[in-house]
Amino acid sequence: QMILDAFEKIAGYPVVLTFNGDDFDMPYLHNRANRLGVPPEDNPLYMMRDAATLKRGVHVDLYRTFSNRAFQVYAFSNKYSEYSLNSVSNALLGEQKLDYGVPLDSLTPEQLASYCYNDARLTYMLTSFGDDLLMKLLVVISRIAKMPIDDIARLGVSQWIRSLLYYEHRRHNMLIPKRDDLNARFEGKASTDAVMKDKKYRGGLVVDPQKGIHFKVTVMDFASLYPSIIKVQNLSYETVRCAHGPECESNRVPDTSHWVCKRRNGLTALLIGSLRDLRVNYYKSLSRDGTLGEIERQQYSVVSQALKIILNASYGVMGAEMFPLYFLPAAEATTAIGRHIILETIKKCNESGIEILYGDTDSIFIKDPTPEQVQGVIEVAKADHGVELEVDKEYRYVVLSDRKKNYFGVTTSGKVDVKGLTGKKSHTPPFIRSLFGEITEILADVASEEDFERTKVRITAKMRECAERLNSRKIPLEDLSFNVMLSKAPSEYTKNIPQHIKAAMQLEHASSAAGDMSSFIGGGGEGASRKVKKGDIISYVKTVTRPGVKPVELARPDEIDSTKYMEFMESTLDQVTSVLGMDFAEIMGAKKQSALGDFFHGG
12 QMILDAFEKI AGYPVVLTFN GDDFDMPYLH NRANRLGVPP EDNPLYMMRD
62 AATLKRGVHV DLYRTFSNRA FQVYAFSNKY SEYSLNSVSN ALLGEQKLDY
112 GVPLDSLTPE QLASYCYNDA RLTYMLTSFG DDLLMKLLVV ISRIAKMPID
162 DIARLGVSQW IRSLLYYEHR RHNMLIPKRD DLNARFEGKA STDAVMKDKK
212 YRGGLVVDPQ KGIHFKVTVM DFASLYPSII KVQNLSYETV RCAHGPECES
262 NRVPDTSHWV CKRRNGLTAL LIGSLRDLRV NYYKSLSRDG TLGEIERQQY
312 SVVSQALKII LNASYGVMGA EMFPLYFLPA AEATTAIGRH IILETIKKCN
362 ESGIEILYGD TDSIFIKDPT PEQVQGVIEV AKADHGVELE VDKEYRYVVL
412 SDRKKNYFGV TTSGKVDVKG LTGKKSHTPP FIRSLFGEIT EILADVASEE
462 DFERTKVRIT AKMRECAERL NSRKIPLEDL SFNVMLSKAP SEYTKNIPQH
512 IKAAMQLEHA SSAAGDMSSF IGGGGEGASR KVKKGDIISY VKTVTRPGVK
562 PVELARPDEI DSTKYMEFME STLDQVTSVL GMDFAEIMGA KKQSALGDFF
612 HGG
């Protein structure tokens with residue numbers, strides 16, 4: 012009767028939300044109903060190979076949705092880095108799952124009911140917060156991509172774009188080309204060499220950073236650079252390397268053997284260009300229009316975000332082999348033109364006496380430019396390349412290391428920006444992440460070069476205090492843990508077993524005899540049994556005992572390898588402290604440090 016009551020509830024709603032319902036809730040209900048003899052016509056669930064849906068309604072599995080990098084990065088700005096209900100809820104709602112401190116199989120019926128109710132409440136809140144932001148995004152993207160809402164919630168952005176392109180092909184009575192026909196036009200080879208491993212062609216340009224501390228830095232950003240290039244340069248699978256002969260072959264793509272058609276407009280260029288113009292010229296500006304009401308601005312903002320998600324992936328799918336309209340020359344042409352634009356912009360800046368400190372794909376860091384210089388660069392980019400350059404950020408100062416895509420900055424409003432530095436990453440042990448955060452807060456107070464000497468004293472004291480707590484084993488195991496999500500089950504690893512997999516295997520071995528329901532619901536507490544699977548977060552610590560790691564649940568404080576943690580702390584903090592003229596070994600040994608002035612470039 013409980014199953015039938017649940018089915019009656021499900022049938023009363025057009026949308027059913029779950030978190031990991033495709034893998035657990037829905038299959039469990041469906042199979043349980045079959046075992047109890049519920050007639051198929053009374054079962055509202057329909058099971059597919061890797062998903063579960065409703066015969067009359069929509070099932071949205073939010074685990075699949077929040078695991079989608081497009082939503083994680085572009086809709087929610089990387090606010091969460093792990094995909095569990097607890098992690099996502101904590102990051103977006105500031106709330107967490109109930110924790111009674113004991114395994115789930117030890118809860119009273121009332122406690123278990125409260126636990127499950129809270130999980131359901133959090134799942135609903137993830138779609139209703141921010142004025143139903145996520146549900147509105149799903150609906151808008153569904154309309155743009157011409158796909159059902161449950162497919163949008165489950166599938167990656169490349170499949171949204173495929174659906175949209177296929178729809179436009181049919182609307183224009185165009186044949187959808189075969190993969191073999193596209194491959195035959197470029198023989199499967201790129202005309203540029205990839206810089207990054209596992210890439211088939213060269214990507215965006217990254218200009219070597221000028222290591223040091225730089226005051227009064229302006230960051231200028233090319234608005235939607237790659238979508239703009241696709242539009243302006245007419246890049247599409249049918250226009251790049253077209254068959255029209257010398258007339259078009261003279262229209263060369265810089266630094267490649269490719270050319271672009273002069274006779275016709277490409278479908279991808281028209282489509283992506285239209286979406287880009289809609290976002291930049293209409294929805295984005297209206298979302299910031301102070302003359303409109305808050306609700307109206309929010310509606311425009313949702314559409315702008317949805318378009319941004321699709322636009323940011325539009326270039327990447329061209330060079331993704333799994334994409335049905337994969338055409339390497341189109342992707343290669345996009346990045347080649349992007350590099351050309353950045354290089355030409357830097358050249359113009361140098362000719363105008365503007366100092367470039369760093370550049371990365373679609374942005375440049377400029378040292379203390381005048382308003383006239385900034386406006387001049389914007390006008391040149393528009394006139395020469397047809398793309399829009401705009402001021403993205405104004406930094407009071409920026410700390411650049413010698414590593415690309417790694418920097419620390421404080422904006423003129425006092426906001427701290429940390430990009431690519433290990434101390435900010437989610438897998439970094441909380442105690443090091445906390446120390447890194449304290450150091451960045453100290454640096455946020457710096458207003459001049461003279462402030463750095465006082466700042467160094469405060470940073471040194473913090474680092475020594477942390478090292479002393481580590482060596483005396485006063486830091487809780489939870490704060491020492493590395494937290495890594497499993498990309499596949501431990502059983503799938505046979506060679507080169509990573510440390511987090513070694514810890515997962517120990518956890519499975521220690522709890523192999525338990526096998527209770529808590530492993531499926533997500534039990535916690537010491538001694539809780541676990542069935543370790545893909546998507547689980549494994550928390551482990553480095554130990555002096557073999558094999559060098561242990562899951563937090565099984566480790567003891569006296570097993571902690573302090574030396575390994577000191578090494579990790581050094582490598583993490585060195586990305587910032589080395590630029591300040593601070594040496595980790597000298598800090599720990601209280602030796603004299605080098606002069607900070609050696610590390611400034613032009614004040």
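With the first letter of the sequence shown counted as 1, position 531 gets the number 542 in this note's numbering; the numbers rise by one all the way through.
Cβ atoms here follow ideal geometry from the backbone N, Cα and C, with glycine treated the same way.
message: Runs of 3 residues minimum, wholly inside the segment 268–349: which ones carry the beta strand (DSSP E) assignment?
response: none
task: Taking 8 Å as the cut-off, decide whether the C-beta atoms of G215 and G301 are in contact.
output: Position 204 of the sequence shown, counted from the first residue, corresponds to residue 215. Position 290 of the sequence shown, counted from the first residue, corresponds to residue 301. Not closer than 8 Å, so no.
- request: Could you pull out every unbroken alpha helix (DSSP H) segment of at least 4 residues lying fully inside the segment 222–267, listed in chain order?
  value: 236–243 and 257–260
task: Could you check which residue in E489, M474, P487 and P501 has the C-alpha nearest to that of E597?
output: Taking the sequence shown and counting its residues from 1, the one referred to as residue 597 is at position 586. Nearest Cα to E597 within the set E489, M474, P487 and P501: M474.
- request: Report the residue from A131, F334, R444 and A342 whose alpha carbon sits nearest the alpha carbon of R190.
  value: The sequence position of residue 190 within the sequence shown is 179, counting from 1. If we check each option's Cα against that of R190, F334 comes out closest.
field: Rounded straight-line distance, which links the Cα of A131 to that of E581
entry: Position 570 of the sequence shown, counted from the first residue, corresponds to residue 581. Position 120 of the sequence shown, counted from the first residue, corresponds to residue 131. Those two C-alpha atoms are separated by around 42 Å.
- prompt: What runs of the beta strand (DSSP E), each 3 residues or longer, lie entirely inside the segment 358–413?
  reply: 366–371, 374–378 and 400–411
- prompt: Thinking C-alpha only, which one of D116, A254, Y135 and A342 is nearest K210?
  reply: Position 199 of the sequence shown, counted from the first residue, corresponds to residue 210. Checked all of D116, A254, Y135 and A342; the closest Cα to K210 is A342.
- request: Pull up the distance between the alpha-carbon of G613 and that of D288, whole angstroms please.
  value: As a first step, residue 613 is located in the sequence shown; it is residue number 602 there, counting from the start. As a first step, residue 288 is located in the sequence shown; it is residue number 277 there, counting from the start. Per-residue confidence for G613 stands at a pLDDT of 42, beneath the threshold of 50, marking its modelled position as unreliable; the derived number appears in the next sentence. Cα-Cα distance, rounded: 40 Å.
query: Assuming L148 contacts V313 under a Cβ cut-off of 8 Å, what Cβ separation, rounded to an integer in Å, is found between them?
result: Along the sequence shown, read from residue 1 onward, the residue named residue 148 stands at position 137. Along the sequence shown, read from residue 1 onward, the residue named residue 313 stands at position 302. Contact holds; Cβ gap of about 6 Å.
query: When the Cα atoms are used, what is the spatial distance from I375 to F419?
result: One-based indexing of the sequence shown puts residue 375 at position 364. One-based indexing of the sequence shown puts residue 419 at position 408. Going by the C-alpha atoms only, they are around 15 Å apart.
field: Contacts around E258, its chain only, beta-carbon distance under 8 Å, and the 5 residues preceding and following it disregarded
entry: Here residue 258 refers to the residue found at position 247 when the sequence shown is read from its first residue. Sequence-distant Cβ neighbours of E258 in its own chain, meaning closer than 8 Å and more than five residues away, are K273 and R274.
query: Any idea if G533 is buried or exposed, counting beta-carbon neighbours within 10 angstroms, 16 or more meaning buried?
result: As a working note, residue 533 is residue 522 in the sequence shown. Low confidence applies here, because G533 scores a pLDDT of 40, under 50, leaving its location unreliable; read the following figure in that light. G533 comes out buried.
- request: Run the CB neighbour count on L454, radius 10 Å, all protein chains shown included, and call it buried at 16 or more, exposed below.
  value: On the sequence shown, position 443 is the one that residue 454 refers to. Per the 10 Å Cβ criterion, buried.
- prompt: Distance, Cα to Cα, F30 vs L96?
  reply: Position 19 of the sequence shown, counted from the first residue, corresponds to residue 30. Position 85 of the sequence shown, counted from the first residue, corresponds to residue 96. Cα to Cα, F30 sits roughly 7 Å from L96.
- request: Thinking M146 and T138 are a contact (beta carbons under 8 Å), I'd like their distance in whole angstroms, please.
  value: By 1-based counting over the sequence shown, the position of residue 146 is 135. By 1-based counting over the sequence shown, the position of residue 138 is 127. At roughly 5 Å, the Cβ-Cβ gap stays under 8 Å, so M146 and T138 are in contact.
query: Quick one, are the C-beta atoms of L286 and L246 less than 8 Å apart?
result: Working through the sequence shown from its first residue, we reach residue 286 at position 275. Working through the sequence shown from its first residue, we reach residue 246 at position 235. Cβ atoms of L286 and L246: not closer than 8 Å.
query: Are T346 and R165 touching if we call contact CB-CB under 8 Å?
result: Residue 346 sits at position 335 when you count from the first residue of the sequence shown. Residue 165 sits at position 154 when you count from the first residue of the sequence shown. Going by C-beta atoms, T346 is not nearer than 8 Å to R165.
message: Closer than 8 Å is the cut-off here; do at least three beta carbon pairs connect the segment 105–115 with the segment 65–78?
response: no
task: Could you please give me the residues that DSSP links to T29 through a beta bridge?
output: Indexing the sequence shown from 1 puts residue 29 at position 18. Answer is D72.
- prompt: Taking Cβ to Cβ, would you say N494 is nearer than 8 Å to S459?
  reply: Position 483 of the sequence shown, counting from 1, holds the residue named residue 494. Position 448 of the sequence shown, counting from 1, holds the residue named residue 459. Contact flag unset, no.
- prompt: Where are the beta strand (DSSP E) runs, 3 residues long or more, that stay fully inside the segment 137–222, in chain order?
  reply: none
task: Mind reading off the beta-carbon distance from S573 to L446? Whole number of angstroms is fine, and I expect it under 8 Å.
output: For this step, residue 573 is matched to residue 562 along the sequence shown. For this step, residue 446 is matched to residue 435 along the sequence shown. Not really, about 15 Å apart at Cβ, beyond 8 Å.
- request: Check each candidate in P340, Y576, K506 and R469 and name the one with the smallest Cα separation from R444.
  value: Position 433 of the sequence shown, counted from the first residue, corresponds to residue 444. Here the closest residue by C-alpha is Y576.
task: Give the range of the alpha helix (DSSP H) segment to which D550 is assigned.
output: For the purposes of this step, residue 550 is taken as the residue at position 539 of the sequence shown. As written in the sequence, residue 550 is Ser, which differs from the Asp given in the question. No alpha helix (DSSP H) holds S550; the beta strand (DSSP E) holding it covers I548 to K553.
message: To the nearest angstrom, how far is the alpha carbon of P220 from that of V429?
response: By one-based count along the sequence shown, residue 220 stands at place 209. By one-based count along the sequence shown, residue 429 stands at place 418. Between P220 and V429, the C-alpha separation is close to 15 Å.
- prompt: When we look at the beta-carbon of G370 and count the other beta-carbons within 10 Å, is it buried (16 or more) or exposed?
  reply: Taking the first residue of the sequence shown as 1, we reach residue 370 at position 359. Burial state of G370 is buried, judged by a 10 Å Cβ sphere holding 16 or more other Cβ atoms.
query: Helix or strand or just coil, what does DSSP make of G23?
result: As a first step, residue 23 must be located in the sequence shown, where it is residue number 12. Coil, per DSSP.
message: For the alpha helix (DSSP H) containing M37, name the first residue and the last one.
response: For the purposes of this step, residue 37 is taken as the residue at position 26 of the sequence shown. Unbroken alpha helix (DSSP H) run through M37: D36 to R46.
query: By Cβ distance below 7 Å, which residues in the same chain neighbour H255 in space, the five residues on each side in sequence not counted?
result: Locating residue 255 in the sequence shown gives position 244, where the first residue counts as 1. So the qualifying residues of the chain are C272 and R274.
task: Please determine, among P55, I571 and R43, the residue with the shortest C-alpha to C-alpha distance to F18.
output: Locating residue 18 in the sequence shown gives position 7, counting from the first residue. The shortest Cα separation from F18 among P55, I571 and R43 belongs to P55.
message: Quick check for students: name the residue ranges of the alpha helix (DSSP H) that lie wholly in the segment 85–115, counting only runs of 4 or more.
response: 96–103, all fully within the segment 85–115.
message: My output table needs one value for D53: the three-state DSSP class, helix, strand or coil.
response: Residue mapping note: residue 53 aligns to position 42 of the sequence shown, counting from 1. If DSSP states are grouped into helix, strand and coil, D53 belongs with the helices.
query: Between the segment 230–247 and the segment 348–364, are three or more C-beta pairs nearer than 8 Å?
result: yes
query: Do you know how far the Cα of I321 is from the Cα of S174?
result: Looking up residue 174 in the sequence shown gives position 163. Looking up residue 321 in the sequence shown gives position 310. Cα to Cα, S174 sits roughly 12 Å from I321.
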